[in-house]
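Here is the structure we will look at, set down as structure tokens.
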Amino acid sequence: MDEAKKEYYRLLTHLEAAQTRFDSLDQLGPIIGADGKPDLVETAAVKEQLRKAIVKLLPQLNALKAEIDAKGS
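Counting in my numbering, the sequence shown runs from 1 upward without gaps.
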């Protein structure tokens with residue numbers, strides 16, 4: 001497997017993990033703080049970090065996919 005494909009699948013794995021974590025915050029509810037209460041500020045911060053990671057990964061994945069498709073492999 002060439003380097004572009006390896007990098008594509010590596011980034012795809014990171015994207016899927018970030019998306020799963022983001023979705024789980026919606027499904028399971030907010031992060032519980034040290035005091036045992038929902039920490040909505042922390043939950044929002046984590047979701048924003050995950051959203052930024054997803055947005056950052058998408059162009060990289062698209063560029064690698066285009067490179068792979070151009071090579072015809």
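Just so you know, even glycine gets a beta-carbon here, dropped at the ideal spot from N, CA and C.
Between the C-alpha atoms of serine 24 and glutamate 48 there is a straight-line separation of about 14 Å.
Between the stretch 4-21 and the stretch 30-37, the count of C-beta pairs closer than 8 Å stays below three; the two stretches do not touch.
The DSSP-derived three-state label of isoleucine 32 is strand. Sequence-distant partners of tyrosine 8 (beyond 5 residues in either direction) whose C-beta falls short of 7 Å from its own C-beta, in its chain, are Leu61, Leu64, Lys65, Ile68. The beta carbon of lysine 71 is closer than 7 Å to none in its chain, skipping five residues each way along the sequence.
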